[in-house]
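Here is the structure we will look at.
Residue numbers (full-length UniProt numbering): 1 to 253.
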């Protein structure tokens, strides 16, 4: 699948490899825009993963397929070598791309997710809210917001989700995402990836927090660096953009 994408060409072309940005669940390519804008010395490719944004909808959804989509899109763009930055589900996609095409990946940065099969459902109320909106098909964002407030208390989460609401519909394929949610939480262990990797974790986030999360990273990415972004939650790149960009820049030098 060739994914919907946005390319930001460098103002000062250099020999540095392009950076590919991959968003998380319920997101779209604009979600990592605050990072994309900081790379003025590199070409940046932002992607909508399958069933999200303006990319194609499919009844099939797993990490092997989503990683293949990324590689097919980069082949289409004639990009051979690249660095990857992925947030949450996008981080898992990035790790899977690195497994499938290790010789093409120059740098790998994973934002607040571990190569781990999570058991906790952090999205139960979100799914209820999204399905309620889908069923009501409200004419305006204000009406959609009122529906979602019955299920979700955090205004930031509602506003994030509403970025994918247009003309009374969700841009993402809610039915397919819900059907494959267990696969999105899950993870098939990969053979040890021995190139440098940077994991950035939000200090207030539960996703890289438990000993088993750190163990999973160490086993599959034995030379990885794990750095904490203090006082940041799961959306660390939005909450602490400058700190995240500093760590990314130092790693990609």
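Built from N, CA and C at the ideal position, the CB exists for glycine as well. Please read all numbers here as calculations on a predicted model, not as lab measurements.
The C-beta distance from residue 231 to residue 57 rounds to 37 Å, too long to meet the 8 Å contact threshold.
Counting along the chain, the unbroken beta strand (DSSP E) around residue 82 starts and ends at 82–87. Rounded to the nearest angstrom, the gap between the Cα atoms of residue 251 and residue 65 is 28 Å. Around the beta-carbon of residue 179, fewer than 16 other beta-carbon atoms lie within 10 Å, marking it exposed. Unbroken beta strand (DSSP E) runs of no fewer than 3 residues, entirely contained in the region 47–118, are found at 82–87 and 105–111, following chain order. The region 175–191 makes no contact with the region 157–167: fewer than 3 CB pairs, one atom from each, lie closer than 8 Å. Following the DSSP letters along the chain, one finds residue 233 in no alpha helix (DSSP H), marked with neither H nor E. For residue 201, DSSP records a beta bridge to 228. In the structure shown, the three-state DSSP call for residue 21 is strand. About 14 Å separates the Cβ atoms of residue 110 and residue 67, ruling out a contact at the 8 Å cut-off. Counting C-beta atoms within 10 angstroms of its own C-beta, residue 197 has 16 or more neighbours from the protein chains shown and is therefore classed as buried.
Note that the C-beta distance between residue 80 and residue 2 is not below 8 Å.
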